[in-house]
Amino acid sequence: MARVFTINFTHEGQDRSAMIAVRPTPFLTEYNISLFDEDLAHDLHSTTIVFSHDHYRYQDCLGETDLMKAILAAVMEHLRQFRQVKTP
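Under our numbering, the sequence shown has 88 at position 87, and the numbering climbs by one with no breaks.
In structure tokens:
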């Protein structure tokens, strides 16, 4: 079952937001990023984060920009909080 959530993060001193669509597969989970601020698109070299083998990484991307690090941290924090709520 796919789900969608919104993250908030800070980039270059400004509060920003993005929408994350989650797509689980038998081998990995994809987190597809949709930025609300189009002016940030040039700093986002990949719009997909993958989770496999207990590791999060951007798909088809060798390096991460500060924006990418901020988004990844916000996604991981959201997932950590989500797990705490779901777990009794």
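Beta carbons are placed, not taken as given, at the ideal position from N, Cα and C, and that holds for glycine.
Reference residue 18; option with closest CA among 50, 71, 52 and 81:
It is 71.
Same chain, Cβ closer than 7 angstroms to residue 42, five either side skipped, listed in chain order
If we look at residue 42 and ignore the five residues flanking it on each side, its Cβ neighbours are 36.
Taking residue 54 as the reference, which of 30, 24 and 20 has the closest Cα?
Among 30, 24 and 20, the Cα nearest to that of residue 54 belongs to 30.
Sequence-distant residues of its chain with Cβ nearer than 8 angstroms to residue 79 (five each side left out)
Answer for residue 79: 6, 8 and 21, listed in chain order.
Unbroken beta strand (DSSP E) runs of length 3 or more, entirely within the region 27-88: which are they?
Qualifying beta strand (DSSP E) stretches, in chain order: 30-36, 49-53 and 56-59.
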